[in-house]
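Novice: Got a structure here, written out as structure tokens. Questions coming.
Structure below.
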């Protein structure tokens, strides 16, 4: 097959294919078929001339193939429980099921889990799903176990028991008051408290989402190279644009990518756009609420187009947005507000955007909105839009999506000036127990460095006493005492709804003396955890660790180290 471009005496452009002349532009400028071919080639494997023509003339019906109605954005999802058969873990499962939640429990022994958890009452809408996995063995964890999970409560821990042995129901261990000389049974603290937790964090990250968002566009040259122009040349127009990297077009003279173009309505055109190459594999943005763009506006109205179809000319999901002239602004575009569009025409019976498989993202300035309506804030000529980032953002305010139960005392081994004889036994016996507290702290650090929205709870000695005792919440890892497992379970579930606790690590205990039993006459009223946590005044970044010989105490770790550096 042969093709050539001709121009008539009326300055009209035509493409001749297999001897037939097809008109492709209605203005006074010739159509740049070479630029059209480059556009197609950027987003596809090199096509044949016949494929070029088919792409130009393809119908919306082809793009609709395979799409199903009723797709959805991120929802509440299920809650995953790690360590579901332990003292705190089984109470977390019980309370979640009582709230009508879907709970997916990772357990080593499914039969044991069925015996412990199978008879728990389940409120309407709730259900228990059991998945066999050993978190210390990475190969036993699969992505399917985490699919649709939007919250993880981790109560995982090594098995500790008295050296003299324990009862079948582990009564000596669980009572938490009387001291028995302990030993580790089974896997080591390193395998479970650190490596195992690392495995869980790594697998869960794709489903929980990052607190600062998933970066799709960054202000660097590598990101710019992934974006190409997709202008009205594809329909015979003469507008042209590009995405370029600039070292000084960003805020305060910093770097940015600049969407720059020349818009013309000649040849019945009137749009410029840039689009990234298809993600391989497709990008899972289901944990996120939508896309956030950081741009310097120019008073014009743009479109953001998300595609779940890898075809370069398939259906797009569009959301228009306005920009303020000369101002840096954050533009938030919820996935629920994107509408299905094919070549500026709304598909009334199309699917909703399902962000679990995003193929590409596109930014467009167009003369038209949708269905023939004009863009109310459009202009021809030179335009540019500096962009410093495009990212998926979590629902605001961000709440913890990973809640982990650690232990008070994890930062005390080898802390300068500490008297281990005045500390809980686990501190003195840390080395004898295989570095139990050391690896618990390492597991905490894996969570804190993951980028996930988290909260880490460090309970003091855990007991089988009922909930309802007066409590103390603190930071810096200094308090000693006891606390009910029932109380800790309720706290973990509440933390999933507490934005003020995001990014915090804290200790908790009852103020009832250790040797005094807590035995209330009546069941405790529901605790207002939001008020308790607010009163505690939790600070992000406080760990109580000793870093470079400095005990950071109740200061955020970064702040304490900064003060030390300034004092040198």
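Numbering (this note's numbering), first residue to last: 77 to 644.
Every residue, glycine too, gets a C-beta built ideally from N, C-alpha and C.
1) Quick check on the DSSP output: the beta strand (DSSP E) that includes residue 392 runs from which residue to which?
2) Going by C-alpha distance, which of 609, 547, 562 is nearest residue 590?
3) For residue 606 and residue 574, I'd like the C-alpha separation in whole angstroms.
4) Could you check what DSSP says for residue 410 in three-state terms: helix, strand or coil?
5) Rounding to the nearest angstrom, what Cα-Cα distance links residue 556 and residue 643 in this structure?
6) Identify every residue that forms a DSSP beta bridge with residue 237.
7) Along the chain, where does the alpha helix (DSSP H) that runs through residue 165 open and close?
8) Using the C-alpha atoms, what's the distance from residue 323 back to residue 302?
9) Please list the segments of the alpha helix (DSSP H) lying wholly inside the segment 296-375, counting only runs of 4 or more residues, in order along the chain.
10) Could you tell me the distance, in whole angstroms, from the CA atom of residue 261 to the CA atom of residue 268?
11) From residue 629 to residue 550, what distance separates their C-alpha atoms?
12) Looking only at C-alpha atoms, which of 224, 636, 392 sits nearest to residue 619?
13) Using three-state DSSP, classify residue 443 as helix, strand or coil.
14) May I ask you to list the residues that DSSP assigns as paired with residue 548?
15) Roughly how many angstroms lie between the CA atoms of residue 621 and residue 518, to the nearest whole one?
16) Output the boundary residues of the alpha helix (DSSP H) element that contains residue 568.
17) CA-CA distance, residue 441 and residue 378?
18) What are the boundary residues of the alpha helix (DSSP H) that residue 523 is part of?
19) Would you kindly check if the distance between the Cβ of residue 193 and the Cβ of residue 182 is under 8 Å?
20) In whole angstroms, give me the CA-to-CA distance for residue 516 and residue 537.
21) Provide the residue(s) that pair with residue 632 in DSSP beta bridges, ordered along the chain.
22) Can you name, in chain order, every residue of its own chain whose Cβ lies under 8 Å from the Cβ of residue 437, other than the five neighbours on each side?
23) Could you tell me whether the segment 200-220 touches the segment 168-182, where touching means 3 or more Cβ pairs closer than 8 Å?
24) For residue 490, does the count of other Cβ atoms within 10 angstroms reach 16, so buried, or fall short, so exposed?
25) Measuring CB atoms only, is the segment 467-481 touching the segment 415-422, in the sense that at least three cross pairs come out at less than 8 Å?
26) When the Cα of residue 434 is compared with those of 569, 392, 495, 596, which residue comes out closest?
27) For the candidate residues 162, 503, 471, 492, whose alpha-carbon lies nearest to that of residue 51?
28) Going by the CB atoms, is the gap between residue 346 and residue 443 shorter than 8 Å?
29) List the whole-angstrom C-beta distance separating residue 453 from residue 375, where the pair is believed to meet the contact cut-off of C-beta under 8 Å.
30) Since residue 158 and residue 512 should fall inside the 8 Å C-beta cutoff, what is the C-beta to C-beta distance between them, to a whole number of angstroms?
31) If you drop the 5 nearest sequence neighbours on each side, which residues of the same chain put their C-beta closer than 7 Å to that of residue 274?
32) How big is the Cα-Cα spacing for residue 451 and residue 420?
33) Which word fits residue 218, buried or exposed, when buried means at least 16 other C-beta atoms lie within 10 angstroms of its C-beta?
34) Which class does residue 457 belong to by DSSP, given the choice of helix, strand or coil?
35) Just to confirm, are residue 404 and residue 460 a CB contact at a threshold of 8 Å?
36) Rounded to whole angstroms, what's the CA-CA distance from residue 222 to residue 280? Just pull it up for me.
Specialist: Considering the structure as presented:
1) Within the chain shown, residue 392 is the residue found at index 316, counting from 1. 392-398 is the span of the beta strand (DSSP E), which, as asked, contains residue 392.
2) As a position in the chain shown, residue 590 is number 514, starting the count at 1. Among 609, 547, 562, the Cα nearest to that of residue 590 is on 547.
3) Taking the chain shown and counting its residues from 1, the one referred to as residue 606 is at position 530. Taking the chain shown and counting its residues from 1, the one referred to as residue 574 is at position 498. Each residue's Cα considered, the two are about 7 Å apart.
4) As a working mapping, residue 410 is identified with position 334 in the chain shown. In this structure, residue 410 counts as strand in the three-state DSSP scheme.
5) Stepping through the chain shown from its first residue, residue 556 is reached at position 480. Stepping through the chain shown from its first residue, residue 643 is reached at position 567. Spanning the two alpha carbons is a distance of roughly 32 Å.
6) Locating residue 237 in the chain shown gives position 161, where the first residue counts as 1. Its beta-bridge partners are 259.
7) Locating residue 165 in the chain shown gives position 89, where the first residue counts as 1. Unbroken alpha helix (DSSP H) run through residue 165: 163-174.
8) Mapped onto the chain shown, residue 302 falls at position 226. Mapped onto the chain shown, residue 323 falls at position 247. Looking at the two C-alpha atoms, the distance is approximately 17 Å.
9) 297-300
10) On the chain shown, position 185 is the one that residue 261 refers to. On the chain shown, position 192 is the one that residue 268 refers to. Approximately 12 Å between the Cα atoms of the pair.
11) If you number the chain shown from 1, residue 629 lands on position 553. If you number the chain shown from 1, residue 550 lands on position 474. Residue 629 and residue 550: Cα-Cα distance of roughly 11 Å.
12) Walking along the chain shown from the start, residue 619 turns up at place 543. With distances taken between Cα atoms, residue 619 lies closest to 636.
13) In the chain shown, counting from the first residue as 1, residue 443 sits at position 367. Coil at residue 443, not helix or strand.
14) In the chain shown, the residue the question calls residue 548 occupies position 472. Residue 548 pairs with 585.
15) If you number the chain shown from 1, residue 621 lands on position 545. If you number the chain shown from 1, residue 518 lands on position 442. About 11 Å.
16) Locating residue 568 in the chain shown gives position 492, counting from the first residue. Where residue 568 is concerned, the enclosing alpha helix (DSSP H) stretches over 561-571.
17) Here residue 441 is taken as the residue at index 365 of the chain shown, counted from 1. Here residue 378 is taken as the residue at index 302 of the chain shown, counted from 1. Spanning the two alpha carbons is a distance of roughly 5 Å.
18) In the chain shown, the residue the question calls residue 523 occupies position 447. Counting along the chain, the alpha helix (DSSP H) containing residue 523 begins and ends at 512-524.
19) Start at 1 with the first residue of the chain shown, and residue 182 comes out as number 106. Start at 1 with the first residue of the chain shown, and residue 193 comes out as number 117. In this structure, residue 193 does not lie closer than 8 Å to residue 182 by Cβ.
20) Position 440 of the chain shown holds residue 516. Position 461 of the chain shown holds residue 537. Their backbone Cα atoms lie some 15 Å apart in a straight line.
21) Residue 632 sits at position 556 when you count from the first residue of the chain shown. DSSP output for residue 632 lists 618 as bridge partner(s).
22) Within the chain shown, numbered from 1, the residue matching residue 437 stands at position 361. Excluding sequence neighbours, residue 437 sits near 292, 293, 351, 352, 367, 380, 381, 382, 383, 466.
23) yes
24) The residue given as residue 490 occupies position 414 in the chain shown. Result: exposed.
25) no
26) Here residue 434 is taken as the residue at index 358 of the chain shown, counted from 1. Nearest of 569, 392, 495, 596 to residue 434, Cα basis: 392.
27) The displayed coordinates of the chain run from 77 to 644. Any statement about residue 51 would go beyond what the structure contains.
28) On the chain shown, position 367 is the one that residue 443 refers to. On the chain shown, position 270 is the one that residue 346 refers to. Taking 8 Å as the Cβ cut-off, residue 443 and residue 346 qualify as a contacting pair.
29) The residue given as residue 453 occupies position 377 in the chain shown. The residue given as residue 375 occupies position 299 in the chain shown. 6 Å between Cβ atoms; contact.
30) As a position in the chain shown, residue 158 is number 82, starting the count at 1. As a position in the chain shown, residue 512 is number 436, starting the count at 1. Incorrect: roughly 18 Å between the Cβ atoms, too far for contact.
31) Within the chain shown, numbered from 1, the residue matching residue 274 stands at position 198. 522, listed in sequence order.
32) As a position in the chain shown, residue 451 is number 375, starting the count at 1. As a position in the chain shown, residue 420 is number 344, starting the count at 1. Taking the straight line joining both Cα atoms gives about 11 Å.
33) As a working mapping, residue 218 is identified with position 142 in the chain shown. Residue 218 should be labelled exposed.
34) Here residue 457 refers to the residue found at position 381 of the chain shown. Here residue 457 sits in strand by DSSP.
35) Residue 404 sits at position 328 when you count from the first residue of the chain shown. Residue 460 sits at position 384 when you count from the first residue of the chain shown. Cβ distance not < 8 Å, so residue 404 and residue 460 don't count as in contact.
36) Locating residue 222 in the chain shown gives position 146, counting from the first residue. Locating residue 280 in the chain shown gives position 204, counting from the first residue. So the alpha carbons of these two residues sit roughly 6 Å apart.
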